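Report on the following structure.
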Amino acid sequence: MSHKVKVVIADDEPILRAHLKMMLEDIWPEIDIVGQAANGEEALELTEAFSPRVLFLDINMPGIDGLEVSRILSESEQAPVIVFVTAYNEHAVTAFENQAIDYLLKPLEESRLIKTVQRIQKLLSNEHSESEQHAQLQVMLSQLMQESSDTSSQTYLKWIRASKNNDVYMVDVDDVDYFIADNKYTEVTVGLNKHLIKTAITVLENQLDPDVFWRIHRNCIVRVDTIAHISKDELGHVYVNLKGSDEKLSVSRKYHHLFKQM
């Protein structure tokens, strides 16, 4: 029986780590995820302890960031194959200079992750010469730079203008716990306060940072860092439990995969 490929995942968001772990195990059953790191220091410790062949590495982490981790590991004789997984693409050139094999943008797409896994598998099986690998990296970098130029002007919603009676409120999007669809309107929940805005939730979704807000139901979008834990009832229905609240939000079957490993 062939040995499994050891993998480490480093990301400061536990939900995103769990999501990537679930996707990888579905796509690539031959891997063994030997550790998960919440910051750069943990990533280095796990790499030293387990000598993984592959490291999926977020860039923006507390303390030592992903780019610095990759620089440190590049000096090692047995450095792992590095794949950056992040919400930001402005570090793309530096990532490839540090010999990353690929660079994935959040939210992750399964089809894109499959291509990354296939690229890693070919690299590990030595099917490509060094010059071929370099050529592939140059092609990927060119594609990513094109994507970056196409999306660099994209900005996400920062404030929401909400009316209540004769008053107008300016709601900071970072303070929003979740959005609930209400016919052609959307209810915005901020702590104990609720506001109604004249924007359909499908329109609103395209204006929100997908790394910060997740669609969990046809009628609901939740801010990821407000999630305390996930629960399931005897019928298999999945719910998001919010921090500092007894409130639960239903997760439709379509979005169960986001929380499968939690």
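The numbers in the numbering used here rise by one with no breaks, and the one at position 171 of the sequence shown is 221.
Using N, Cα and C, we set each Cβ at its ideal position, and we do this for glycine too.
Quantities reported herein were computed from a predicted structural model and do not represent experimental measurements.
Rounded distance between the beta-carbons of ILE83 and VAL57, thought under 8 Å: 5 Å
Per-residue burial, LYS214 [other beta carbons within 10 Å of its own, 16 or more giving buried]: exposed
Option in PRO112, ASP227 and GLU95 with minimal Cα separation from ILE122: GLU95
N-terminal and C-terminal residue of the beta strand (DSSP E) that GLU237 is part of: 235–240
ALA231, enclosing beta strand (DSSP E) - first and last residue: 228–232
Member of LEU285, PRO260, ALA99 and HIS267 whose CA lies at the smallest distance from the CA of ASP275: PRO260
THR166 to LYS248 span [Cα, whole Å]: 41 Å
Segment contact, 8 Å Cβ cut-off, at least three pairs: the segment 54–72 with the segment 97–113: yes
Rounded C-alpha distance that separates ALA212 from PRO157: 28 Å
Cβ shell of MET73 (< 7 Å), same chain only, five flanking positions each side left out: LEU158, GLU160 and LEU163
Per-residue DSSP class, three states only, for LYS172: helix
Buried or exposed by the 16-neighbour rule on C-beta atoms within 10 Å, applied to VAL133: buried
Start-to-end residues for the alpha helix (DSSP H) that takes in HIS26: One cannot answer for residue 26 here, as it falls past the ends of the chain, which runs 51 to 312.
Nearest to ILE114 (by Cα), restricted to the options CYS270, GLU125 and GLU91: GLU91
HIS307 vs VAL288 beta-carbon contact at 7 Å: no
Extent of the continuous beta strand (DSSP E) run through HIS53: First-last for HIS53: undefined, no H or E at that position.
SER203 - DSSP class collapsed to helix/strand/coil: Low local confidence applies: a pLDDT of 48 at SER203 is under 50, so the model's placement there is unreliable, with the coordinate-based value given in what follows. Reduced to three states, the DSSP call for SER203 is coil.
THR136 classed as buried or exposed, judged by whether at least 16 other C-beta atoms fall within 10 angstroms: buried
Residues near ALA278 by beta carbon distance below 7 Å, same chain, minus five either side: ASN291, LEU292 and LYS293
Contacts around ILE151, its chain only, beta-carbon distance under 7 Å, and the 5 residues preceding and following it disregarded: VAL131, ILE132, VAL133, ARG169, ILE170 and LEU173
7 Å Cβ cutoff met for ASP227 and THR236: no
Cβ-based burial, VAL301 [other Cβ within 10 Å; buried from 16]: buried
Extent of the continuous alpha helix (DSSP H) to which HIS279 belongs: Note, HIS279: premise wrong, no alpha helix (DSSP H); beta strand (DSSP E) at 277–282.
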